[in-house]
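Notes to accompany the following structure.
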Amino acid sequence: ADPCKDDGGAPRSCVPGLVNAALGREVLASSTCGRPATRACDASDPRRAHPATLLTSAGVTTGPLCWRSDLLSRAPLNVTLTVALGKAFELVFVSLRFCSVPPASVALLKSQDHGRSWVPLGFFSSHCRQDYGRLPVPTTGPVGPGPEALCFPAPQAQPDGSGLLAFSVQDGSPPGLDLDSSPVLQDWVTATDIRMMLTRPSVPGDTGASAATLPYSYSAAELQVGGRCKCNGHASQCLPDPQGRLVCDCRHGTEGSDCGRCKPFYCDRPWQRATAQEAHACLACSCNGHARRCRFNMELYRLSGRRSGGVCLNCRHNTAGRHCHYCREGFYRDPGRALSDRRACRACDCHPVGAAGKTCNQTTGQCPCKDGVTGLTCNRCAPGFQQSRSPVAPCVKTP
Amino acid sequence: EVMPTLDMTLFDWTDYEDLKLEV
């Protein structure tokens, strides 16, 4: 069964499954221990290396399990972890499991343009105002009209010394917003890249001052980015393209890495994201099989009551019109053939002498005849007329 | 009544060379 069609074969909204979008992706860490090698960390020795790949490799390793930053001996104690997801995803949650006491301040950012620009998703700090210039999130949750980057409490250390930072995209969004109907929420959850900035280590008796017990290193084991491949409701899966890049397996007449536009011939109405109520499939232009290309005309779309705005281009088989639905000049409709028939339009074939022109009636095929001439193609003298020797007046009254 | 089609050979093209070229 095709998830993008209902039982009757009609298009319906479909979305890829929830996955860990970071799994197997490369993580860029601004600091990783082992270069130069120390007794505890040697980047060139797999048994003592703590590379950033451990953050997204699903724990398939025989060596250490945790990434570890270099020893940081003086402020600023910032370390950045960046993971490119390869394409746009709609985020559900982001989490990072720390192997040591979690930092006291972390900023979570996202990019929607493959790392060219960044915006914050949330902050996690025991000193929101001091570290990020923001008030701590109210206990009642977000109150703004739309989603925003709020400052949440810093992740708590567990009894075993580890910790977990967990962020749900809903945490920054006021209740009641619906993904289908809220473009703002759609924008909020969309990301191509995720960045975590570990900005301040946790120290005993933390007061917010930067005087940590130095040197210090961050350590974490599992970065998860839970989300769905963004396909705007027009695909149920994402697959690697020939270049290995992840792209949506688009349906509903759409195309593009996110199914974000209509396929070339499917432009009878504007592209729209699918919703639970309406698939908003892109519709093929209606060209009666006589054209392979069409363009969208917004004016015509409005005039049609927002039903059809496609205009066929290069109508073939001697057809013409917005839908290639009538015959071009010099041709007429053969009533014995379907409009979609390649030979639906026949040449007028007006007689070169008997007809007054070359264009016939497009419905009946009747050519315009000179006086005294008759017949569909004007090739005979009418009753009471006989052929003359003049090509200008080929039929004259019989004396 | 079946009317014969116009016989092109019967026309006098002397003054209508242009027309004949079209034909």
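Residue numbers (this note's numbering), protein chains in the order written: chain A, 42 to 440; chain B, 136 to 158.
Glycine residues also receive a C-beta, built at the ideal position from the N, C-alpha and C atoms.
Of all the CB atoms in chain A, is at least one closer than 8 Å to the CB of residue i?
{"i": "residue 140 of chain B", "result": "yes"}
On the DSSP bridge assignment, give the partners of residue i in chain order.
{"i": "residue 303 of chain A", "result": "A:295"}
{"i": "residue 192 of chain A", "result": "A:164 and A:177"}
{"i": "residue 61 of chain A", "result": "A:267"}
{"i": "residue 68 of chain A", "result": "A:124"}
{"i": "residue 428 of chain A", "result": "A:436"}
{"i": "residue 373 of chain A", "result": "A:387"}
{"i": "residue 275 of chain A", "result": "A:55"}
{"i": "residue 368 of chain A", "result": "A:360"}
{"i": "residue 468 of chain A", "result": "Lying before the first or after the last residue shown, residue 468 of chain A is absent from chain A, which here runs from 42 to 440."}
{"i": "residue 131 of chain A", "result": "A:231 and A:269"}
{"i": "residue 281 of chain A", "result": "A:287"}
As a quick exercise: from the options, pick the residue whose alpha carbon is nearest that of residue i.
{"i": "residue 159 of chain A", "options": "A:290, A:238, A:323 and A:363", "result": "A:238"}
{"i": "residue 360 of chain A", "options": "A:56, A:332, A:291 and A:187", "result": "A:332"}
{"i": "residue 265 of chain A", "options": "A:398, A:325, A:129 and A:209", "result": "A:209"}
{"i": "residue 107 of chain A", "options": "A:122, A:117, A:90 and A:123", "result": "A:90"}
{"i": "residue 182 of chain A", "options": "A:168, A:164 and A:215", "result": "A:215"}
{"i": "residue 303 of chain A", "options": "A:99, A:105, A:223 and A:335", "result": "A:335"}
{"i": "residue 123 of chain A", "options": "A:325, A:295 and A:235", "result": "A:235"}
{"i": "residue 307 of chain A", "options": "A:319, A:315 and A:324", "result": "A:324"}
{"i": "residue 420 of chain A", "options": "A:134, A:319, A:395 and A:97", "result": "A:395"}
{"i": "residue 274 of chain A", "options": "A:268, A:178, A:281 and A:299", "result": "A:299"}
{"i": "residue 433 of chain A", "options": "A:135, A:134, A:413 and A:424", "result": "A:413"}
{"i": "residue 358 of chain A", "options": "A:387, A:104 and A:339", "result": "A:387"}
{"i": "residue 149 of chain A", "options": "A:103, A:118 and A:190", "result": "A:190"}
{"i": "residue 418 of chain A", "options": "A:431, A:403 and A:427", "result": "A:403"}
{"i": "residue 350 of chain A", "options": "A:322, A:217, A:381 and A:309", "result": "A:309"}
{"i": "residue 81 of chain A", "options": "A:154, A:313 and A:104", "result": "A:104"}
{"i": "residue 179 of chain A", "options": "A:213, A:354 and A:301", "result": "A:213"}
How about residue i: is its C-beta nearer than 8 Å to some C-beta of chain B?
{"i": "residue 437 of chain A", "result": "no"}
{"i": "residue 431 of chain A", "result": "yes"}
{"i": "residue 428 of chain A", "result": "yes"}
{"i": "residue 422 of chain A", "result": "yes"}
{"i": "residue 392 of chain A", "result": "yes"}
{"i": "residue 395 of chain A", "result": "yes"}
{"i": "residue 440 of chain A", "result": "no"}
Excluding five sequence neighbours on each side, which residues of the same chain lie with their C-beta closer than 7 Å to the C-beta of residue i?
{"i": "residue 389 of chain A", "result": "371, 372, 373, 399, 400, 401, 406 and 408"}
{"i": "residue 317 of chain A", "result": "54 and 221"}
{"i": "residue 97 of chain A", "result": "63, 64, 65, 66, 68, 124 and 264"}
{"i": "residue 423 of chain A", "result": "413, 414, 415 and 436"}
{"i": "residue 202 of chain A", "result": "141 and 142"}
{"i": "residue 429 of chain A", "result": "435, 436 and 437"}
{"i": "residue 313 of chain A", "result": "321"}
Just to confirm my understanding: we take residue i, look at its own chain, exclude 5 residues before and 5 after, and list those with CB closer than 6 Å. What are they?
{"i": "residue 187 of chain A", "result": "225"}
{"i": "residue 51 of chain A", "result": "none"}
{"i": "residue 146 of chain A", "result": "166, 172, 240 and 241"}
{"i": "residue 110 of chain A", "result": "72, 120, 258 and 259"}
{"i": "residue 141 of chain A", "result": "260"}
{"i": "residue 397 of chain A", "result": "409 and 411"}
{"i": "residue 262 of chain A", "result": "106, 107, 138 and 140"}
{"i": "residue 177 of chain A", "result": "169 and 192"}
{"i": "residue 290 of chain A", "result": "276, 278 and 280"}
{"i": "residue 393 of chain A", "result": "none"}
{"i": "residue 154 of chain B", "result": "none"}
Skipping 5 residues on each side, what residues in its chain have a beta carbon closer than 8 Å to that of residue i?
{"i": "residue 356 of chain A", "result": "328, 331, 332, 362, 365 and 369"}
{"i": "residue 195 of chain A", "result": "143, 144, 145, 146, 147, 165, 166, 167 and 243"}
{"i": "residue 267 of chain A", "result": "59, 60, 61, 62, 132, 133, 134, 135 and 136"}
{"i": "residue 286 of chain A", "result": "127, 128 and 298"}
{"i": "residue 269 of chain A", "result": "56, 57, 58, 59, 60, 130, 131 and 133"}
Do we get a CB-CB distance below 8 Å when we pair residue i with the residues of chain E?
{"i": "residue 283 of chain A", "result": "In the structure shown, chain E does not exist; the protein chains are A and B."}
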